[in-house]
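Before any comments, here is the structure.
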Amino acid sequence: MNKRPLIIANLIVGRDGSTSRNGSSIGLSTPADRKLFHQLRSESSAILIGGNTARREPYKKTAIPLYIITHSKLRLQPKNQLAKQLNLDPQTALNVILDEISDQPSAQLLIEAGPKLLLEMIQIGMVDKLYLTINHALDGENKIDLDQLTANFKLIDTHQEDGCEFQILELTS
Numbered sequence: 001m002n003k004r005p006l007i008i009a010n011l012i013v014g015r016d017g018s019t020s021r022n023g024s025s026i027g028l029s030t031p032a033d034r035k036l037f038h039q040l041r042s043e044s045s046a047i048l049i050g051g052n053t054a055r056r057e058p059y060k061k062t063a064i065p066l067y068i069i070t071h072s073k074l075r076l077q078p079k080n081q082l083a084k085q086l087n088l089d090p091q092t093a094l095n096v097i098l099d100e101i102s103d104q105p106s107a108q109l110l111i112e113a114g115p116k117l118l119l120e121m122i123q124i125g126m127v128d129k130l131y132l133t134i135n136h137a138l139d140g141e142n143k144i145d146l147d148q149l150t151a152n153f154k155l156i157d158t159h160q161e162d163g164c165e166f167q168i169l170e171l172t173s
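Using the numbering used here, the first residue of the sequence shown is number 1, and each one after it goes up by one.
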């Protein structure tokens with residue numbers, strides 16, 4: 001029996017807990033954050049996002065499979081040949097995705113979802129590691145409660161770069 005793939009999440013927030021600026025997380029990002037973003041993608045087997053993220057962020061092309069949890073019947077990323085929409089609840093969708101990638105050596109699922117779906121995944125205990133970037137220079141919209149987000153995690157690493165604080169948190173058992 002295979003061990004469950006590692007599930008990691010990546011999120012950038014502004015100093016006020018905002019998850020977007022001018023409608024996109026890109027407005028909060030810095031070069032150092034983008035470098036981490038691309039590194040995590042390069043180490044992952046698949047990406048999971050929600051419908052809102054699919055509508056707001058550029059996912060037209062990804063090098064690895066992209067799974068979208070949505071209630072929409074419209075194809076949200078029609079140009080992405082690796083995109084697959086799942087009209088399922090988060091737990092069931094995760095089970096489907098993990099089953100599809102679990103045969104890969106060192107399989108890892110990267111969650112790049114917005115605050116609502118990410119909190120749902122955390123509340124059902126399905127995020128093993130959280131990469132949290134806090135941009136201390138910018139504010140925005142679509143705020144998340146950082147205490148609620150990180151309540152079940154312990155900080156294992158942190159550093160400052162590019163005006164941002166980069167935290168790595170692991171799920172406590």
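Just so it is clear, CB atoms sit at the ideal spot from N, CA and C, and this is done for glycine as well. On a predicted model such as this, the values are computed, not experimentally measured, just so you know.
**Endpoints, the alpha helix (DSSP H) within which serine 42 is located** = Residues 31-42.
**Prompt:** With a cut-off of 8 Å, do at least 3 Cβ pairs link the region 22-39 to the region 83-103?
**Reply:** no
**Inter-stretch contact at 8 Å, needing at least 3 Cβ pairs: the region 131-143 / the region 21-28** = yes
**Item:** Continuous beta strand (DSSP E) stretch holding leucine 11: start and end
**Value:** 6-14
**Request:** Drop a sphere of 10 angstroms on the beta-carbon of asparagine 10, count the other beta-carbons inside from all chains shown, and report buried for 16 or more, exposed for fewer.
**Result:** buried
**Prompt:** Tell me the DSSP bridge mates of histidine 71?
**Reply:** Answer is none; histidine 71 lacks a bridge partner.
**Prompt:** With distances taken between CB atoms, is the gap from isoleucine 124 to alanine 93 smaller than 8 Å?
**Reply:** In this structure, isoleucine 124 sits away from alanine 93, with a CB-CB distance that is not shorter than 8 Å.
**Asked** Which value, in whole angstroms, describes the spacing of the CA atoms of glutamine 104 and leucine 155?
**Response** 28 Å
**Item:** Endpoints, beta strand (DSSP E) assigned at lysine 143
**Value:** 141-143
**Item:** Minimum length 3: unbroken beta strand (DSSP E) runs contained in the region 46-110
**Value:** 46-50, 66-69, 83-86
**Prompt:** Are the CB atoms of serine 44 and leucine 110 nearer to each other than 8 Å?
**Reply:** yes
**Residues near threonine 172 by beta carbon distance below 7 Å, same chain, minus five either side** = Cβ neighbours of threonine 172 beyond the five flanking positions: Asn152, Phe153, Lys154.
**Asked** Which residue's Cα is closest to the Cα of threonine 53: Gly114, Ile64, Pro65, Thr150?
**Response** If we check each option's Cα against that of threonine 53, Gly114 comes out closest.
**Asked** What are the boundary residues of the beta strand (DSSP E) that aspartate 147 is part of?
**Response** Where aspartate 147 is concerned, there is no enclosing beta strand (DSSP E), although the alpha helix (DSSP H) it sits in stretches over 146-150.
**Request:** Using 10 angstroms around the beta-carbon of isoleucine 12, count the other beta-carbons present and answer buried if the total reaches 16, otherwise exposed.
**Result:** buried
**Request:** Apply the 10 Å Cβ neighbour rule to valine 127 and answer buried if 16 or more other Cβ atoms are within range, or exposed otherwise.
**Result:** Valine 127 comes out buried.
**Message:** Just to confirm, is the Cβ distance from isoleucine 97 to alanine 63 under 8 Å?
**Reply:** no
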